[in-house]
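Participant: Counted from 1, the sequence shown has number 249 at position 214 by my numbering; the numbering is strictly sequential.
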Amino acid sequence: MKRLILANLGTHDLTDGGAFVKPADAAGFLDQPGQWARLDLPILRPLLETAAAPGAQGLPSLLLFVTRQTAAPAALRDKDTEPLGRLVAQLLGPKGPDPLRGRAGRVHLAEPIPCAPQDPDAMFRWYADNLPGAVEKAAAGDGGKPEEFALHVSVTAGTPAMNLALLFAAHDLPACRVERVWHVNEARRQPQPLRIGAILTGKPARMTLAKMMERGAYDAAADLADRIAPKWTAAALKALADIRRCDFAAAAHRLQSLQNPESSVRALRQWAERLDAGRKDLKYNDRTEPVTKTAPRSEGVRALHAFLLEELQLQFANGDYPEGLAVLYRLQESLVRLRFEEAVGVTGEEIPGGNNTRVNEWTRTVEAFLGEKRVALPAEIKIRTSRDFQARLLQVMEPQHPLSRWIGRLYPPQGSGGLMGLRNKSRVGHGFRPVNETELRQQGWKGGPQEILQSARAAAESVLGALPPAPTAGVREAVLKSVQIE
């Protein structure tokens, strides 16, 4: 049976006189074949020689995985290994100077990986989606079919997330099997076989599970937990994924039939039910006249805002600042609506365009309220059904209220427009252009994301009172305990 080596390419795979070749320098070598004799493959050469089948005429073929990040900062893109992959293919190709030339099989380069190699969620998804096609294409290039090949997987180069994701995806391939897993000792240039079961269920997998949960990648964590943890963990993690998608009813339904003594899982089900109730409490009223009885400050409503704050913290912790600002925008919209309803006494929902009767009724009600309270609006503030008008009115009526002060920081009266000025002006109004932590600080939040989060929590509690703690951390702790990570 033919052998095919699957390997992630790293920045230590090519040396020039003992020094590692940087990806930025690899392109220069491609144009200088006379310099190729100086280059060495300290990981791939011993791997190819050791993994050869007994009595085989030639060496195995290589399927290499390289990175080409499309949305990363320049400093990270400089570490992309695609240039190294092209150079390795030339060195081991028919015209290359490497001593393995003529004996090595083909070198196949998979489509470059466009996502962050440190992100376990992205890596697991990418390999699961792309490895079957890459193996099929490599097998066809060698004149065969995937079932004619035994796979050897190297977990030497690349990030831990890349290697574990590659190994899991290879193990799941229906047409071929993983015959051996290798790790090359770079100092001794000696490949060492590893037990695949120990990797799939051992410490690397458990630590990857922990990192996935820390990042909120619950779908991928559930897939991994299904292999290495008790059955209930996958259901609990999928419920957390449902909650992050705001599908609270699905999360509650998923946990209804789960027979598990874990108190954290029972708390998660109650949390999902409470979130779903809060969503219904905040559902916009669709009657055509102003409503004086507005959304109650129920436990569900408080839970919903606690969930938004948790999501904001997670997005900022992951460095997903545009997504975090989108959550912040929705949190501000909701709090403005609730406070406006409480202060003015009519529904704070935005009325769909075209419903002139309702708009006129709403406007007259607000005008009557302003006249009764003797509130004089500045000339630039016009009565509108929009959330922006409601926010401005609250600032005029109660400038010292914590929510009004918070809104003032989100929309400063002068300057660049504050955090909400970073919107991409999309029609839906909640998209934000790419932004980094430095820019957040430049908008006046010297404490960075942590200050923004603290201010958001203070604003929410000024409207709703103390918010309940989310059970998410307890569920994660229970999952980690189930796989023996304390």
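C-beta atoms are modelled at their ideal positions from N, C-alpha and C, and glycine is treated no differently. Since this is a predicted model, take the numbers as computed values, not measurements.
1. Along the chain, where does the beta strand (DSSP E) that runs through His436 open and close?
2. Using a Cβ distance threshold of 8 Å, determine whether the segment 406 to 413 contacts the segment 348 to 358, with at least three qualifying pairs required.
3. Find the nearest neighbour of Leu272 within the set Val371, Val510, Ser369, Ala403, judged by alpha-carbon distance.
4. Please confirm if the segment 258 to 265 is in contact with the segment 226 to 240, defined as three or more CB-CB distances below 8 Å between the two stretches.
5. Counting only the same chain and skipping the five closest in sequence on each side, list residues whose C-beta sits under 7 Å from that of Glu496.
6. Can you give me the Cβ contacts of Arg468 inside the same chain, cut-off strictly under 8 Å, excluding the 5 residues immediately before and after it?
7. Are there three or more Cβ pairs, one per stretch, closer than 8 Å when the segment 296 to 313 is compared with the segment 359 to 375?
8. Output yes or no for whether 8 Å exceeds the beta carbon distance between Tyr162 and Leu111.
9. Excluding the 5 residues flanking Lys266 on each side, which residues of the same chain have their C-beta closer than 6 Å to its C-beta?
10. Just tell me which of Lys516, Ile234, Gly443, Pro209 has its CA closest to the CA of His218.
11. Report yes if the C-beta distance between Arg141 and Ser96 is below 8 Å; otherwise report no.
12. Which whole-angstrom value is the C-beta distance of Ala264 and Asp277, which I expect to be below 8 Å?
13. Going by DSSP in three states, Ile148 sits in which element: helix, strand or coil?
14. If you compare alpha carbons, which of Glu407, Gln430, Gln125 is closest to Tyr446?
15. Skipping 5 residues on each side, what residues in its chain have a beta carbon closer than 6 Å to that of Thr398?
16. I'd like to confirm the pairing. Which residues does DSSP put opposite Leu41 in its beta bridges?
17. Does the structure place the segment 193 to 213 close enough to the segment 169 to 183 that three or more beta carbon pairs sit under 8 Å?
18. Put Arg458 into one of helix, strand or coil per three-state DSSP.
19. Please name the residue, chosen from Thr392, Gln367, Gly453, Ala403, that lies closest to Leu499 on a Cα-to-Cα basis.
20. In three-state DSSP terms, what is Gln350?
21. Measure the C-alpha to C-alpha separation of Arg476 and Pro77 and round it to an integer number of angstroms.
22. Which of the three DSSP states, helix, strand or coil, is assigned to Leu345?
23. Should Gln104 and Pro58 be called a contact, given that it needs their Cβ atoms to be closer than 8 Å?
24. Inspect the beta-carbon positions of Ala157 and Ala151 and report whether they are closer than 8 Å.
25. Counting along the chain, where does the beta strand (DSSP E) carrying His218 start and finish?
26. Along the chain, where does the alpha helix (DSSP H) that runs through Gln489 open and close?
27. What is the DSSP secondary structure of Val142, reduced to helix, strand or coil?
28. Can you list the beta strand (DSSP E) stretches of 3 or more residues lying completely in the segment 272 to 317, in chain order?
29. Taking C-alpha atoms, which residue in Ala378, Val379, Gly335, Leu317 lies nearest to Ser369?
30. Taking Cβ positions, are Ala124 and Leu344 nearer each other than 8 Å?
31. Could you say which of Asp60, Arg280, Glu308, His187 lies nearest to Gln291 if we only look at CA atoms?
32. Tell me which same chain residues have a C-beta within less than 7 Å of the C-beta of Ala274, skipping the five on either side of it?
33. Where DSSP assigns a beta bridge to Pro228, which residues make up the other side?
34. Compute the distance between the beta-carbons of Phe404 and Val371, then report whether it is under 8 Å.
35. Could you tell me which residues DSSP pairs with Phe467 in its beta bridges?
36. Straight-line CA distance for Leu438 to Thr400?
Facilitator: By the coordinates alone:
1. Along the sequence shown, read from residue 1 onward, the residue named residue 436 stands at position 401. First-last for His436: undefined, no H or E at that position.
2. no
3. Looking up residue 272 in the sequence shown gives position 237. Nearest C-alpha to Leu272: Val510.
4. yes
5. The residue given as residue 496 occupies position 461 in the sequence shown. Answer for Glu496: Leu502, listed in chain order.
6. Working through the sequence shown from its first residue, we reach residue 468 at position 433. Excluding positions up to five away in sequence, the list reads Pro357, Leu457, Arg458, Asn459.
7. no
8. Stepping through the sequence shown from its first residue, residue 162 is reached at position 127. Stepping through the sequence shown from its first residue, residue 111 is reached at position 76. Not a contact, by the Cβ cut-off of 8 Å.
9. Sequence index remark: in the sequence shown, residue 266 carries index 231 (1-based). Correct list: empty, nothing qualifies.
10. For the purposes of this step, residue 218 is taken as the residue at position 183 of the sequence shown. The option with the nearest alpha carbon to His218 is Ile234.
11. Position 106 of the sequence shown, counted from the first residue, corresponds to residue 141. Position 61 of the sequence shown, counted from the first residue, corresponds to residue 96. For Arg141 and Ser96, yes; Cβs fall inside 8 Å.
12. Your numbering for residue 264 matches position 229 in the sequence shown. Your numbering for residue 277 matches position 242 in the sequence shown. That belief does not hold up - the Cβ atoms of Ala264 and Asp277 are roughly 18 Å apart, past 8 Å.
13. The residue given as residue 148 occupies position 113 in the sequence shown. Residue state, collapsed to three classes: strand.
14. Position 411 of the sequence shown holds residue 446. Selected option, being the one with the closest Cα: Gln430.
15. By one-based count along the sequence shown, residue 398 stands at place 363. Closer than 6 Å at Cβ, skipping near neighbours: Ile418.
16. The residue given as residue 41 occupies position 6 in the sequence shown. DSSP output for Leu41 lists Leu98, Val188 as bridge partner(s).
17. yes
18. Start at 1 with the first residue of the sequence shown, and residue 458 comes out as number 423. Strand, per DSSP.
19. For this step, residue 499 is matched to residue 464 along the sequence shown. That would be Gln367, whose Cα lies nearest to the Cα of Leu499.
20. As a working note, residue 350 is residue 315 in the sequence shown. Gln350: helix per DSSP, three-state reduction.
21. Within the sequence shown, numbered from 1, the residue matching residue 476 stands at position 441. Within the sequence shown, numbered from 1, the residue matching residue 77 stands at position 42. Rounded to whole angstroms, Arg476 to Pro77 spans 45 Å at the Cα level.
22. Within the sequence shown, the letter at position 310 stands for residue 345. The sequence shown places Glu at residue 345, not Leu. It is helical.
23. Counting from one through the sequence shown, the residue named residue 104 turns up at place 69. Counting from one through the sequence shown, the residue named residue 58 turns up at place 23. No. Outside cutoff.
24. Here the question's residue 157 lines up with position 122 in the sequence shown. Here the question's residue 151 lines up with position 116 in the sequence shown. Cβ distance < 8 Å, so Ala157 and Ala151 count as in contact.
25. Looking up residue 218 in the sequence shown gives position 183. 213 to 220 is the extent of the beta strand (DSSP E) around His218.
26. Translated into positions along the sequence shown, residue 489 becomes position 454. Taken as a continuous stretch (DSSP letters only), the alpha helix (DSSP H) holding Gln489 covers 483 to 499.
27. For this step, residue 142 is matched to residue 107 along the sequence shown. Residue state, collapsed to three classes: strand.
28. none
29. For the purposes of this step, residue 369 is identified with residue 334 of the sequence shown, where counting begins at 1. Residue Leu317 is the option with its Cα nearest to Ser369.
30. Here residue 124 corresponds to residue number 89 of the sequence shown, with the count starting at 1. Here residue 344 corresponds to residue number 309 of the sequence shown, with the count starting at 1. Going by C-beta atoms, Ala124 is not nearer than 8 Å to Leu344.
31. Indexing the sequence shown from 1 puts residue 291 at position 256. When each option's Cα is compared against that of Gln291, the closest is Glu308.
32. Numbered from its first residue, the sequence shown carries residue 274 at position 239. Ala286, Arg289, Leu290, Leu303, Ala307, listed in sequence order.
33. One-based indexing of the sequence shown puts residue 228 at position 193. Paired residue(s): Trp217.
34. Along the sequence shown, read from residue 1 onward, the residue named residue 404 stands at position 369. Along the sequence shown, read from residue 1 onward, the residue named residue 371 stands at position 336. Cβ atoms of Phe404 and Val371: not closer than 8 Å.
35. Position 432 of the sequence shown, counted from the first residue, corresponds to residue 467. Answer is Arg458, bridged to Phe467.
36. For the purposes of this step, residue 438 is taken as residue 403 along the sequence shown, with counting starting at 1. For the purposes of this step, residue 400 is taken as residue 365 along the sequence shown, with counting starting at 1. Between Leu438 and Thr400, the C-alpha separation is close to 23 Å.
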